[in-house]
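In order, the protein sequence lines correspond to chains E and B.
Take 1004 as the starting number for the first sequence in my numbering and just add one per residue.
Take 1004 as the starting number for the second sequence in my numbering and just add one per residue.
What follows is a single structure, written as structure tokens, with notes after it.
Number of protein chains: 2
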Amino acid sequence: MKGTIVQILKQSGDWVSGEYLCRELGVSRTAVWKHIRNLREEGYDIEARANLGYRLRSVPDVPYPGEVAEGLGTAVMGSRIEYFVDLPTTNDEAKKLARAGYPEGTVVVAETQSGGKGRMGRFWFSPRARGLWFSVILRPPVNLVETPQMTMVAAVAVALAVREHTGVAAGIKWPNDLLVEGKKLCGILVELNAEIDRVNFMVAGIGLNINIDSKQFPPELVGIATSLKIETGRHIPRVPVLRVLLQSLEIWYQRWLQEGFAPVLEKWRELCVTLDCPVTVHTIKGSYAGHALDVDETGALLVQRTDGTVERLVAGEVSLRKR
Amino acid sequence: MKGTIVQILKQSGDWVSGEYLCRELGVSRTAVWKHIRNLREEGYDIEARANLGYRLRSVPDVPYPGEVAEGLGTAVMGSRIEYFVDLPTTNDEAKKLARAGYPEGTVVVAETQSGGKGRMGRFWFSPRARGLWFSVILRPPVNLVETPQMTMVAAVAVALAVREHTGVAAGIKWPNDLLVEGKKLCGILVELNAEIDRVNFMVAGIGLNINIDSKQFPPELVGIATSLKIETGRHIPRVPVLRVLLQSLEIWYQRWLQEGFAPVLEKWRELCVTLDCPVTVHTIKGSYAGHALDVDETGALLVQRTDGTVERLVAGEVSLRKR
Chain E
1004 MKGTIVQILK QSGDWVSGEY LCRELGVSRT AVWKHIRNLR EEGYDIEARA
1054 NLGYRLRSVP DVPYPGEVAE GLGTAVMGSR IEYFVDLPTT NDEAKKLARA
1104 GYPEGTVVVA ETQSGGKGRM GRFWFSPRAR GLWFSVILRP PVNLVETPQM
1154 TMVAAVAVAL AVREHTGVAA GIKWPNDLLV EGKKLCGILV ELNAEIDRVN
1204 FMVAGIGLNI NIDSKQFPPE LVGIATSLKI ETGRHIPRVP VLRVLLQSLE
1254 IWYQRWLQEG FAPVLEKWRE LCVTLDCPVT VHTIKGSYAG HALDVDETGA
1304 LLVQRTDGTV ERLVAGEVSL RKR
Chain B
1004 MKGTIVQILK QSGDWVSGEY LCRELGVSRT AVWKHIRNLR EEGYDIEARA
1054 NLGYRLRSVP DVPYPGEVAE GLGTAVMGSR IEYFVDLPTT NDEAKKLARA
1104 GYPEGTVVVA ETQSGGKGRM GRFWFSPRAR GLWFSVILRP PVNLVETPQM
1154 TMVAAVAVAL AVREHTGVAA GIKWPNDLLV EGKKLCGILV ELNAEIDRVN
1204 FMVAGIGLNI NIDSKQFPPE LVGIATSLKI ETGRHIPRVP VLRVLLQSLE
1254 IWYQRWLQEG FAPVLEKWRE LCVTLDCPVT VHTIKGSYAG HALDVDETGA
1304 LLVQRTDGTV ERLVAGEVSL RKR
């Protein structure tokens, strides 16, 4: 009902009489007024005049399902959008919905996450309304051994969308962080629920720093993290960013399923900033220095150790060393 | 409290006065009597005589936690046992408990499963009290790509336990069914919940046909499935079987974590009945005839097609062809 009012006001672009709204919606003037009041609370700036009716002055930059869906044009990604003000983590909520049978492409988005986490269980800073913290439910018909590829599909999709939409030269750090000149802009956390020979579902969680100011980062992230606002010097509306991310995810996800991993990997290599670089590798078994040579066809990182041997890294973390 | 009464009666092996039980438990005679009544309902055959007290005549062959734990002697497997009369599936319950933080080794066992399932979402026949339908929560420190190995760890552990305990020559069909002369005795369904570079938990579900008579199988399983009773010609108590299964799982799971996949794979090859055999391969993309050559070091099945090419099978199903 609220969504219909917003649509009517948007389409008109001018004053719409209360009478008209009542007729269209089949409800009383009091009911219309209540919805208008709710919409104002949600951030819709709606003018009301006794003899003119209602006029929409501005729409909030909030990833409400109706706002994101407008002009989205995807078949799968965002086919359903669940918006939350607060969540412990969007990945956990998405996994819950996936278990309950929510379809592929369902997006769970929250203004803030109280327990936002990155890879390896690390904390992920998710300040209210300053970024996009969301997760997408996926049900790809792939084998368990192919699932790590999805991390790289997401990294490619997000990096390209960010580049095209904002001009910020986001690069990929193996396997799936997005960096701008060495500072973290975006993290991707893919989780899955599977049998050994069947993937029940995957959840791709994406945290993209958008309108965070330098001063807002907690001390441990100063000099380590960045945001689209810091990089561009301007405030970036979030809803259009979410739309282009979902559109890009749709393109690259479909390409992966239809053409396989090769085109994804090729684009990933182009966007990667940690190939042919001195790196430090951190694994559960310890750390060592090496030189990142390439990724193989499975997405594993090939690192040459100082003694010349080459390790194939399927999990773990690398950090760039100054040359 | 009930558990303590059973222990006292077992240790005595003879009559135990009501007075003694009251004193030991610090409760009234009425309370003791209530517990005895409950125990009788659970299948404990307890004799009561006015001037003698209580005597345990027999213990039910039901995988109650206290019964299974007696003499179990494992450090991890069965450290906690959750018994259910009915469950949709023990795997689903185990996954729920794993998400809630239940420790590694937690066993979920049910008398019957209303929605018992095998690999590929197939139905698994789980008649009440006629087999062992259970799942174990695992939290192995392995990479995602290593998780399919757990299926083979479980197959080896169960096959060896069945052989040693009952003499039934259970063999493994790739990757994880146990067969006796081509008929299915046991199915194993491993599921997992993971991030790309961290396993949150795995659940190994095991369904072992024990005291099912030939006539009890539904038509679609006649000639396809078997049970320990059918193979041995005698009724097999279930509780001791569950104990040996957990003991064997503990041994092979620890060996896998400590020594790696090689010793598991070696034993798996010994027990496998589908190597060097004509097989039909069924995958999501279709079926083809071939010859099963070997498994590689990751557990993938190597199948030579009729045109001589060798396929590496990481998922799917094989059936034996008559030579």
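Yeah, the Cβ is synthetic: ideal placement off N, Cα and C, and Gly gets one too.
- A direct Cα-to-Cα measurement between residue 1275 (chain E) and residue 1244 (chain E) gives close to 22 Å.
- Contacts with chain B at 9 Å (Cβ-Cβ) include residue 1150 (chain E).
- Listed by position along chain B, the residues whose Cβ is nearer than 7 Å to that of residue 1052 (chain E) form an empty set, because the closest Cβ is around 54 Å away.
- Residue state for residue 1238 (chain E) is assigned as coil, using DSSP reduced to three classes.
- Residue-level contact check: residue 1154 (chain E) touches chain B, since one or more beta carbons of chain B fall below 9 Å from its beta carbon.
- In summary, residue 1230 (chain E) is buried, with 16 or more beta-carbon neighbours lying within 10 Å of its beta-carbon over all protein chains present.
- With a minimum length of 4 residues, the unbroken runs of alpha helix (DSSP H) contained wholly in the segment 1215–1267 of chain B fall at 1231–1235 and 1241–1262.
- In terms of Cβ geometry, residue 1267 (chain B) and residue 1148 (chain E) do not form a close pair [threshold 9 Å].
- Residue 1200 (chain E) belongs to the set of residues whose beta carbon lies under 9 Å from a beta carbon in chain B.
- The beta carbon of residue 1097 (chain E) sits no closer than 9 Å to any beta carbon of chain B.
- With a beta-carbon spacing of about 7 Å, residue 1181 (chain B) and residue 1158 (chain B) fall inside the 8 Å limit used to define contacts.
- When CB distances to chain B are screened at a threshold of 7 Å, the residues of the segment 1164–1194 of chain E falling below it are 1192, 1193 and 1194, in chain order.
- The beta carbon of residue 1018 (chain B) is closer than 6 Å to those of 1055, 1056 and 1058 in its chain, skipping five residues each way along the sequence.
- Per DSSP, residue 1099 (chain E) is not a residue of any beta strand (DSSP E); the alpha helix (DSSP H) it occupies stretches across 1093–1102.
- For residue 1039 (chain E), there is no enclosing beta strand (DSSP E); the enclosing alpha helix (DSSP H) has its first and last residue at 1032–1044.
- In this structure, the straight-line span from the alpha carbon of residue 1107 (chain B) to that of residue 1300 (chain E) is close to 34 Å.
- For residue 1070 (chain E), there is no enclosing beta strand (DSSP E); the enclosing alpha helix (DSSP H) has its first and last residue at 1068–1072.
- Residue 1051 (chain B) sits in a strand when the DSSP states are folded into three classes.
- Going by beta carbons, residue 1247 (chain B) and residue 1162 (chain B) fall outside the 9 Å limit.
- In this structure residue 1145 (chain B) touches residue 1202 (chain B) by the C-beta definition: roughly 6 Å separates them, less than 8 Å.
- Annotation for residue 1013 (chain B): 1059 place their beta carbon closer than 7 Å to its own, counting only its chain and skipping 5 residues before and after.
- For the segment 1280–1312 of chain E, the residues whose beta carbon sits under 8 Å from a beta carbon of chain B are, in order, 1287.
- Of the other Cβ atoms in all chains shown, 16 or more fall within 10 Å of the Cβ of residue 1169 (chain B); this residue is therefore buried.
- Rounded to whole angstroms, the separation of the alpha carbons of residue 1209 (chain E) and residue 1115 (chain E) is 13 Å.
- Straight across, the Cα-Cα distance linking residue 1323 (chain B) with residue 1074 (chain B) is about 40 Å.
- Residue 1066 (chain E) and residue 1065 (chain B) have their C-alpha atoms spaced approximately 54 Å apart.
- Beyond the five residues adjoining it in sequence on each side, residue 1041 (chain E) comes within less than 7 Å, by CB distance, of 1005 in the same chain, given in chain order.
- In this structure the segment 1047–1054 of chain E does not lie against the segment 1216–1232 of chain E, because fewer than three pairs of beta carbons, one per stretch, are closer than 8 Å.
- Close to residue 1265 (chain E), with beta-carbon spacing below 9 Å, lies no residue of chain B; the smallest spacing is near 18 Å.
- Chain B places a beta carbon closer than 9 Å to that of residue 1144 (chain E), counting this residue as a contact.
- For residue 1044 (chain B), the closest C-alpha among the options B:1135, B:1062, B:1137 and B:1184 is that of B:1062.
- Just so you know, the alpha carbons of residue 1036 (chain B) and residue 1015 (chain B) end up roughly 18 Å apart.
- In the displayed model, residue 1124 (chain E) falls within a helix according to three-state DSSP.
- Any Cβ of chain B closer than 9 Å to the Cβ of residue 1147 (chain E) would place that residue at the interface, and such an atom is present.
- When the beta-carbon positions are compared, residue 1222 (chain E) and residue 1200 (chain B) stay at least 9 Å from each other.
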